[in-house]
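Working notes, structure below.
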Amino acid sequence: MKKRTTLLTLVVLIILTIMVTACATGASVLPAQERLRVATTSSLYDTGFWAYLEPKFEQKYNVALDIIYANTGIAIEYGKRGDVDALTIHDKAREQQFVADGYGVKRNPFAYNYFLIVGTTNDPAGIKNLTPEAAFKKLIEEGTKNPAQIRFVSRGDGSGTHSKEQAIWKAAGFNYTAGVEGSSWAKAGAEGGYMEAGQGMGPTLLMASEKKAYTLTDIGTFLAYK
Numbered sequence: 200m201k202k203r204t205t206l207l208t209l210v211v212l213i214i215l216t217i218m219v220t221a222c223a224t225g226a227s228v229l230p231a232q233e234r235l236r237v238a239t240t241s242s243l244y245d246t247g248f249w250a251y252l253e254p255k256f257e258q259k260y261n262v263a264l265d266i267i268y269a270n271t272g273i274a275i276e277y278g279k280r281g282d283v284d285a286l287t288i289h290d291k292a293r294e295q296q297f298v299a300d301g302y303g304v305k306r307n308p309f310a311y312n313y314f315l316i317v318g319t320t321n322d323p324a325g326i327k328n329l330t331p332e333a334a335f336k337k338l339i340e341e342g343t344k345n346p347a348q349i350r351f352v353s354r355g356d357g358s359g360t361h362s363k364e365q366a367i368w369k370a371a372g373f374n375y376t377a378g379v380e381g382s383s384w385a386k387a388g389a390e391g392g393y394m395e396a397g398q399g400m401g402p403t404l405l406m407a408s409e410k411k412a413y414t415l416t417d418i419g420t421f422l423a424y425k
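Using my numbering, you'd call the opening residue of the sequence shown number 200 and step up by one each time.
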């Protein structure tokens, strides 16, 4: 099945704040064979950004790129261990901490994206045009009443997108661990309620489409999979 046919059930309901992608350059020196190791987020990888840029970069700079994609947390760990030369991630606080702790040389924002809340066209929770915080509050309220119809798929993987989701829950007045993950909505079972994919953005979108659920996504990946 082609990517363009996989997300027909999902539509944009709410546009959130900007997601900035930054490059944190590590302190390691490039190997003699001029190979550049870059850890990137699965969200950025799923947009097709690297598939487009990699051959052009390699041709222009005569450097072989090794692109490793993972969630933001794992990518940062690769950087801390010196397994990669640069990171392209999207979690400003963790990027700044990475540099402040001496693991990186400089943080360079180079692109931006938007977060979206997407869901089915019929919008069973009625969240369209609400603020992100009001939307999440209504999702859990309506989902608790009817988990079989009001579903939400979380990344649940420690990624920058997952961190953003948790920040929205906090701003909406919920303790994420006790009030969301520990809610009756989250305990409704595999066929309903609040679910965690534990995967990258692409697979999470596909899961949300299959479950006819809401999810939080970046617009780049959403458009790549639409």
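For glycine and all other residues, C-beta sits at the position ideal for the given N, C-alpha and C. Here the structure is a predicted model, which is why all the values come from computation and not from measurement.
For GLU380, no beta strand (DSSP E) encloses it, and the DSSP letter there is neither H nor E.
Shown here, LYS425 sits in coil according to DSSP, grouped into three states, outside any helix or strand.
Cβ-Cβ separation between MET400 and THR416: approximately 6 Å, consistent with a contact (criterion under 8 Å). Using a Cβ distance threshold of 9 Å, ALA396 and ARG350 do not count as a contacting pair. Of PHE309, THR360, GLY391, TRP368, the smallest CA-CA separation from LYS344 is found for GLY391. Between ALA238 and LEU286, the beta carbon gap of about 5 Å places them in contact (Cβ cut-off 8 Å).
Fewer than three beta-carbon pairs drawn from the region 318-332 and the region 269-277 are found closer than 8 Å, and the two stretches are therefore not classed as touching.
Contact between LYS279 and TYR244 fails: their C-beta atoms lie close to 20 Å from each other, not under 8 Å. When DSSP states are grouped into helix, strand and coil, GLY278 belongs to the helix group. Counting of Cβ neighbours within 10 angstroms places VAL262 among the exposed residues, the total staying below 16. Note on geometry: alpha-carbon atoms of LEU422 and GLN296 lie some 31 Å from one another.
Of all alpha-carbon atoms in SER382, ILE266, ARG234, SER358, the one lying nearest the alpha-carbon of SER242 is that of SER358.
Residue pairing by DSSP places GLU395 opposite SER353 in a beta bridge. Judged by their CB atoms, SER383 and PRO331 are not nearer to each other than the 9 Å cut-off. Collapsing the DSSP output to three states places ALA269 in a strand.
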